[in-house]
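Taken in sequence, the protein lines are chains A and B.
In our numbering, each residue's number is its place in the first sequence (first place is 1) plus 242.
In our numbering, each residue's number is its place in the second sequence (first place is 1) plus 223.
Glycine included, C-beta positions come from ideal geometry on N, C-alpha and C.
Here the structure is a predicted model, which means the values were calculated and not measured.
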Amino acid sequence: MKLCEQILLYVSNELAPQQQEQMAEHVRTCLHCQQQMALLRAVETAAVPPAAPASVVEALLAKTTRKKSFFARWKTVLVTACTVLVVAVMGLAELHNKEAAQQDEAMYAYVSENLDEEYTSFAEDLEEFEAYF
Amino acid sequence: MELVQQTDENLVLLFQKGNNEAFETLVLRYKNSLYQYIVSLVRDEATAGDLFQEMFIAFFKRPQAYQPNGKFKAWLFVSARNRILNFLRDQKQLLSLDAENEDENVSLNDTLADDTPLPLEELEKEDTLSRLQAAIKQLPLRQQEIVNLRQEFSFQEIAELTHRPLGTVLADGHRAIKKLQQLLSEQ
């Protein structure tokens, strides 16, 4: 291989140490290789990668490390639904208790008002019954 | 030691043990070079973004896909290259990257720059950088691939990564230089 053909490996420092030295000597006097080296270095500068769009990286992380689990995504909805359910059940229970209390009060009122009459009526019936037999 | 100071291989090990920050560090470390490599070959930023994401999502789901018997960086670029080849195959553009060049059999000496090289002063002009960037984009895909991979890898590594003989890679490199000189002279 001619020395000029090794310019790429020389610039990327991939030759054996002895060959690197030989090439360094050659490049000092070879205008052709000097041209190639200058262009290669310019290409390395020009080809420096631009930043990847932030949106691409953000989208990637959102789909991987920052991806929310099913529960996490529906957490707010689930908590709200549970709260509404508990409040509704408690409200219904309260309503039921009030109705039961009202029924009890009505029964006590009726009993307290009519107990004597009921008892008298019952005592008379009992006497009649005993007299008959 | 902070994560950004860790080697790729250590970061992969940490990620394989469940450390998601190690994964993010790898993403941030390669977001520019890998993205640039992909976009230079598919020539479409939206597609490049999708392929870039697919690459890392696949790795996130199967971190064991990388076996620590080689450099992570090489594994990453080989994986990306395979995805790019699949994409180009689907788009029926694969020939432009993987097929042999029509002048493949030209000797390496023939690919060296001609006798009327670009003057050195030309490279020192202020607008040369942008002209050079434009010229790189006009290179055939095979040559652009080498220019881009050269930012991260040696020629020997590029040969291994692309499954091509070192001589072929160097010939493509010389062709790229010759073509760039032509393009810059024309401008």
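Taking the straight line between their C-alpha atoms, what separation do you get for His217 (chain B) and Leu406 (chain B)? Residue 217 (chain B) lies beyond the range of chain B shown here (224 to 410); nothing can be said about it.
Tell me which residue opens and which closes the alpha helix (DSSP H) that Asn233 (chain B) is part of. In the second sequence, counting from the first residue as 1, residue 233 (chain B) sits at position 10. Segment Asp231 to Gln239, the alpha helix (DSSP H) holding Asn233 (chain B).
Counting Cβ pairs closer than 8 Å, one from the region 240-260 of chain B and one from the region 299-306 of chain B, do we hit at least three? Verdict: yes, contact present.
Interface flag, Gln278 (chain A) vs chain B, CB-CB below 8 Å: Within the first sequence, residue 278 (chain A) is the residue found at index 36, counting from 1. For Gln278 (chain A), the answer is yes, since a Cβ of chain B falls inside 8 Å of its Cβ.
Under DSSP, the alpha helix (DSSP H) around Ile273 (chain B) begins and ends at which residues? Numbered from its first residue, the second sequence carries residue 273 (chain B) at position 50. For the record, residue 273 (chain B) in the displayed sequence is Asp; it is not Ile. Counting along the chain, the alpha helix (DSSP H) containing Asp273 (chain B) begins and ends at Glu268 to Lys284.
What are the residues of the region 321-355 of chain A that lie near chain B, defined by any Cβ-Cβ distance shorter than 8 Å? Those would be none; no residue qualifies.
Spatial distance of Gln264 (chain A) from Ala258 (chain A) (CA atoms): The sequence position of residue 264 (chain A) within the first sequence is 22, counting from 1. The sequence position of residue 258 (chain A) within the first sequence is 16, counting from 1. One Cα belongs to Gln264 (chain A), the other to Ala258 (chain A), and the distance between them is close to 10 Å.
CA-CA distance, Gly293 (chain B) and Val250 (chain B)? One-based indexing of the second sequence puts residue 293 (chain B) at position 70. One-based indexing of the second sequence puts residue 250 (chain B) at position 27. Going by the C-alpha atoms only, they are around 19 Å apart.
Count Cβ pairs between the region 284-299 of chain A and the region 377-390 of chain B that sit closer than 8 Å; are there 3 or more? Counting Cβ pairs under 8 Å, fewer than three are found: no touch.
Hey, is Glu325 (chain B)'s beta-carbon within less than 8 Å of any beta-carbon in chain A? Position 102 of the second sequence, counting from 1, holds the residue named residue 325 (chain B). Low confidence applies here, because Glu325 (chain B) scores a pLDDT of 43, under 50, leaving its location unreliable and the question unanswered by this model.
What first and last residue would you give for the alpha helix (DSSP H) that runs through Glu300 (chain A)? Taking the first sequence and counting its residues from 1, one reaches residue 300 (chain A) at position 58. First-last of the alpha helix (DSSP H) with Glu300 (chain A): Ala296 to Lys305.
For Met224 (chain B), is the classification buried or exposed, using 16 other Cβ atoms within 10 angstroms of its Cβ as the cut-off for buried? As a first step, residue 224 (chain B) is located in the second sequence; it is residue number 1 there, counting from the start. Around the beta carbon of Met224 (chain B), fewer than 16 other beta carbons sit within 10 angstroms, so the residue counts as exposed.
Starting from Phe246 (chain B) and walking both ways along the alpha helix (DSSP H), at which residues does that stretch end? Locating residue 246 (chain B) in the second sequence gives position 23, counting from the first residue. Where Phe246 (chain B) is concerned, the enclosing alpha helix (DSSP H) stretches over Asn243 to Val265.
Distance, Cα to Cα, Val376 (chain A) vs Ala304 (chain A)? Here chain A has residues from 243 to 375 only, and residue 376 (chain A) is not among them.
Using C-beta distances below 7 Å, list every residue in its chain close to Lys284 (chain B), excluding the 5 sequence neighbours before and after it, in chain order. In the second sequence, residue 284 (chain B) corresponds to position 61, counting from 1. Correct list: empty, nothing qualifies.
Do Leu302 (chain A) and Gln276 (chain B) have their C-beta atoms within less than 8 Å of each other? As a working note, residue 302 (chain A) is residue 60 in the first sequence. As a working note, residue 276 (chain B) is residue 53 in the second sequence. With respect to the 8 Å criterion, Leu302 (chain A) and Gln276 (chain B) are classified as neighbours on the basis of their beta carbons.
Exposed or buried, what is Asn371 (chain B) when buried is set at 16 or more other beta-carbons lying within 10 Å of its beta-carbon? Counted from its first residue, the second sequence places residue 371 (chain B) at position 148. Buried is the call here.
Closest by C-alpha distance to Gln278 (chain A), when choosing among A:Cys246, A:Gln261 and A:Thr306: Translated into the one-based positions of the first sequence, residue 278 (chain A) becomes position 36. The candidate whose alpha carbon is nearest that of Gln278 (chain A) is A:Cys246.
I need the straight-line Cα distance from Asn255 (chain B) to Gln239 (chain B), nearest angstrom please. Locating residue 255 (chain B) in the second sequence gives position 32, where the first residue counts as 1. Locating residue 239 (chain B) in the second sequence gives position 16, where the first residue counts as 1. When only Cα atoms are considered, Asn255 (chain B) and Gln239 (chain B) end up about 23 Å apart.
Output yes if chain A places a C-beta closer than 8 Å to the C-beta of Asn309 (chain B); else output no. Taking the second sequence and counting its residues from 1, one reaches residue 309 (chain B) at position 86. Contact with chain A is absent for Asn309 (chain B), since none of that chain's Cβ atoms lies less than 8 Å from the residue's Cβ.
If we cut at 8 Å on Cβ distances, does Lys310 (chain A) have a partner in chain B? Numbered from 1 along the first sequence, position 68 holds the residue referred to as residue 310 (chain A). Chain B, which has no Cβ nearer than 8 Å to the Cβ of Lys310 (chain A), makes this no.
Output needed for Ile249 (chain A): all residues of its chain with C-beta closer than 7 Å, excluding positions within five of it in sequence on either side, in chain order. Walking along the first sequence from the start, residue 249 (chain A) turns up at place 7. Only Cys275, Gln278 and Met279 meet the Cβ criterion.
Looking at C-alpha atoms only, which residue of B:Ser408, B:Val265, B:Ala297 and B:Trp298 is the closest neighbour of Leu309 (chain B)? Residue 309 (chain B) sits at position 86 when you count from the first residue of the second sequence. Checking the sequence, you will find Asn at residue 309 (chain B) rather than Leu. Ranking the options by Cα distance to Asn309 (chain B), first place goes to B:Val265.
Am I right that Ala399 (chain B) and Gln366 (chain B) are in contact with their C-beta atoms under 8 Å? What's the rounded C-beta distance? Position 176 of the second sequence, counted from the start, is the residue given in the question as residue 399 (chain B). Position 143 of the second sequence, counted from the start, is the residue given in the question as residue 366 (chain B). Rounded to whole angstroms, the Cβ separation of Ala399 (chain B) and Gln366 (chain B) is 4 Å, and the two are in contact under 8 Å.
How long is the line joining the alpha carbons of Phe246 (chain B) and Val321 (chain A), rounded to whole angstroms? For the purposes of this step, residue 246 (chain B) is taken as residue 23 along the second sequence, with counting starting at 1. For the purposes of this step, residue 321 (chain A) is taken as residue 79 along the first sequence, with counting starting at 1. Spanning the alpha carbons of Phe246 (chain B) and Val321 (chain A) requires a straight line of approximately 32 Å.
Excluding the 5 residues flanking Val253 (chain A) on each side, which residues of the same chain have their C-beta closer than 7 Å to its C-beta? Counted from its first residue, the first sequence places residue 253 (chain A) at position 11. Cβ neighbours of Val253 (chain A) beyond the five flanking positions: Met279 and Leu282.
If you count every other CB in all the chains shown that lies within 10 Å of the CB of Arg312 (chain B), and 16 or more means buried, which is it? One-based indexing of the second sequence puts residue 312 (chain B) at position 89. So Arg312 (chain B) counts as exposed.
Whole-angstrom distance between Phe300 (chain B) and Lys360 (chain B), CA atom to CA atom: Numbered from its first residue, the second sequence carries residue 360 (chain B) at position 137. Numbered from its first residue, the second sequence carries residue 300 (chain B) at position 77. Cα to Cα, Lys360 (chain B) sits roughly 20 Å from Phe300 (chain B).
Are the C-beta of Val329 (chain B) and some C-beta of chain A separated by less than 8 Å? In the second sequence, residue 329 (chain B) corresponds to position 106, counting from 1. With a pLDDT of only 46 at Val329 (chain B), under 50, the local geometry of the prediction cannot be trusted, and the value read off the model is given with reservation. Val329 (chain B) has a beta carbon lying at 8 Å or more from every beta carbon in chain A.
Out of A:Ala342, A:Ala284, A:Val353 and A:Glu336, point me to the one whose CA is closest to Leu355 (chain B)'s CA. Position 132 of the second sequence holds residue 355 (chain B). Of the residues A:Ala342, A:Ala284, A:Val353 and A:Glu336, the one whose Cα lies closest to the Cα of Leu355 (chain B) is A:Ala284.
With a cut-off of 8 Å on the beta carbons, I'd call Thr287 (chain A) and Leu352 (chain B) a contact; round off their distance for me. If you number the first sequence from 1, residue 287 (chain A) lands on position 45. If you number the second sequence from 1, residue 352 (chain B) lands on position 129. Their Cβ separation, rounded to whole angstroms, is 7 Å, which keeps Thr287 (chain A) and Leu352 (chain B) in contact under 8 Å.
Taking its Cβ as the centre, do 16 or more other Cβ atoms sit within 10 Å of Phe375 (chain A), making it buried, or is it exposed? Counting from one through the first sequence, the residue named residue 375 (chain A) turns up at place 133. Phe375 (chain A) comes out exposed.
Could you say which of B:Glu368, B:Val235, B:Gln374 and B:Glu375 lies nearest to Arg387 (chain B) if we only look at CA atoms? Here residue 387 (chain B) corresponds to residue number 164 of the second sequence, with the count starting at 1. Nearest option by C-alpha distance: B:Glu368.
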